Amino acid sequence: QQVPSKKAMKKMRANIKEVFSSPSKLLWSMEEMVKLLNPKIIGMRNYYARRFARPWLWKIEKYINHKFTRWYNRKKQRNYRFGNAAKVGELTLQAGLASICG
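Given below as structure tokens:
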């Protein structure tokens, strides 16, 4: 049974955080961000994709959605933190963001 340890979860979050950390990425389009993030997501999914690992992977998926929402709001200069979450979810799906849960 291969489930992510706390250390592995922390490393996955750090990899995702690294993608969003640079302020210059605010100039990137949603498609460019998705293109950069998809290989990381697919790699995590391939390594941990087992039915019993889904609760852990769901937390990472939620983290990715929160990071995209915060990035989008900073890009559009919105002062609220998680507003537009539904809109950002639709935009990431249209841009082709891979799902980590399968």
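For the sequence shown, my numbering begins at 919 and goes up steadily by one. We treat Cβ as the ideally placed atom computed from N, Cα and C, and that holds for glycine. As the structure is a prediction and not an experimental result, all values here were calculated from the model.
Can you give me the C-alpha to C-alpha distance between residue i and residue j, rounded to a whole angstrom?
i	j	result
Asn-991	Lys-977	21 Å
Ala-932	Ile-959	13 Å
Gln-920	Leu-955	23 Å
Arg-996	Lys-943	16 Å
In three-state DSSP terms, what is residue i?
i	result
Ser-1017	coil
Tyr-998	coil
Trp-946	coil
Ser-939	helix
Arg-968	coil
Val-921	coil
By a C-beta neighbour count over all protein chains shown, 10 Å radius and 16 as the cutoff for buried, is residue i buried or exposed?
i	result
Tyr-965	exposed
Phe-986	buried
Leu-1015	buried
So, at 7 Å on beta carbons, what are the nonlocal neighbours of residue i in its own chain, with the 5 sequence-adjacent residues on each side left out?
i	result
Cys-1019	Arg-972, Leu-975, Trp-976 and Glu-979
Ala-1013	Met-948, Glu-949 and Val-952
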